[in-house]
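Since the structure comes first, as structure tokens, the remarks are kept for the end.
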Amino acid sequence: MRKVDDYIKEKMKKDPSFKGRYDLIKEKAAVVKEIVKYRIQHNLSQAQLASQIGVTQQYISKIEEGEFSNLDTIENVLHHVGYRLKLEAVPV
Numbered sequence: 338m339r340k341v342d343d344y345i346k347e348k349m350k351k352d353p354s355f356k357g358r359y360d361l362i363k364e365k366a367a368v369v370k371e372i373v374k375y376r377i378q379h380n381l382s383q384a385q386l387a388s389q390i391g392v393t394q395q396y397i398s399k400i401e402e403g404e405f406s407n408l409d410t411i412e413n414v415l416h417h418v419g420y421r422l423k424l425e426a427v428p429v
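In this text, residue positions in the sequence shown follow my numbering: the first is 338, and each later residue adds one.
What follows is the structure, given as structure tokens:
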């Protein structure tokens with residue numbers, strides 16, 4: 338694991354934009370984790386969760402794959418599973 342950490346640190350030094358992309362991926366993964374965790378804890382299929390929220394099963398599937406860009410919809414999904422979306426603008 339140390340080699341991976343070293344690679345990431347080196348990549349961040351060489352490419353300043355890499356850190357922003359890397360952080361975004363980590364943040365998306367944290368969002369996905371909480372949604373999947375809620376769904377599993379409540380023994381819900383993607384279709385059942387989607388029905389409760391008012392979105393399609395396909396949308397839940399895309400969220401769980403980390404593919405989401407509509408903040409209003411993801412905020413609605415997070416609210417349903419007991420979380421809120423927090424956005425923060427930080428210098429690059």
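Just so you know, even glycine gets a beta-carbon here, dropped at the ideal spot from N, CA and C.
Only a predicted model underlies this, so the values are computations on that prediction, with no experimental measurement involved.
Residue i and residue j look like a contact to me (Cβ under 8 angstroms); what is the Cβ gap, rounded to whole Å?
i	j	result
V373	E402	Rounded, the Cβ-Cβ distance is 11 angstroms, inconsistent with contact.
V368	L424	No, V368 and L424 are not in contact; Cβ-Cβ is about 12 angstroms, not under 8 angstroms.
Y420	E364	Incorrect: roughly 13 angstroms between the Cβ atoms, too far for contact.
Over the uninterrupted alpha helix (DSSP H) stretch that includes residue i, give me the two end residues.
i	result
P428	Counting along the chain, P428 falls outside any alpha helix (DSSP H), and DSSP gives it neither H nor E.
D360	353-378
E401	394-401
V414	408-417
Within 10 angstroms of its Cβ, does residue i collect 16 or more other Cβ (buried), or is it exposed?
i	result
I397	buried
V341	exposed
V427	exposed
Just the Cα atoms here: how many angstroms apart are residue i and residue j?
i	j	result
H417	A384	14 angstroms
I362	F355	11 angstroms
Q394	M349	37 angstroms
N413	I390	8 angstroms
Going along the chain, which residues of its own chain have a beta-carbon closer than 7 angstroms to the beta-carbon of residue i, five neighbours each way excluded?
i	result
L386	R376, I397
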